[in-house]
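**Student:**
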Amino acid sequence: MQGSPYQAIIATGATPVSVRIPSDTSNFCITGICGLFNGQILIADNYNKSLKLLDLQNKAVVTFCDMPDHPRNMCLITPCQVAVAV
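Under the working numbering, the first residue of the sequence shown is numbered 2, with each subsequent residue one higher.
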């Protein structure tokens, strides 16, 4: 992206997606988000100690992974690996 570092970015076409799953024990708190190469989104839910994989076409959580501690952030390492800070 070129231009001024203070240039505003406008998002259009936002789609609400519920990230709540039956095993959640509290409200969610998204502390990390990572776009995957297949178009899915991986989110870190700090309050529920889990990672959740979102399918934006179906607007739903397709799977999740419980974490040993509260995930703080994450980043994509390879197309099939994510590093998670807990």
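Glycine included, each C-beta is placed from N, C-alpha and C at the ideal position.
1) Can you tell me which of the three DSSP states Lys53 falls into?
2) Enumerate in chain order the residues of its own chain whose CB-to-CB distance from Asp1 is below 8 angstroms, with the five nearest sequence positions on each side excluded.
3) Output the distance between the C-alpha atoms of Ala45 and Phe65, rounded to the nearest integer angstrom.
4) Tell me Thr79's beta-bridge partners as DSSP assigns them.
5) Out of Tyr48, Lys60, Asn47 and Ile42, which has the shortest C-alpha to C-alpha gap to Leu54?
**Tutor:** In brief:
1) By 1-based counting over the sequence shown, the position of residue 53 is 52. If DSSP states are grouped into helix, strand and coil, Lys53 belongs with the strands.
2) Absent from the structure is residue 1, since the part of the chain shown begins at 2 and ends at 87.
3) As a first step, residue 45 is located in the sequence shown; it is residue number 44 there, counting from the start. As a first step, residue 65 is located in the sequence shown; it is residue number 64 there, counting from the start. Distance between the alpha carbons of Ala45 and Phe65 is about 10 angstroms.
4) As a working note, residue 79 is residue 78 in the sequence shown. Gln82, per the DSSP bridge assignment.
5) Numbered from its first residue, the sequence shown carries residue 54 at position 53. Measuring from the Cα of Leu54, the nearest candidate turns out to be Ile42.
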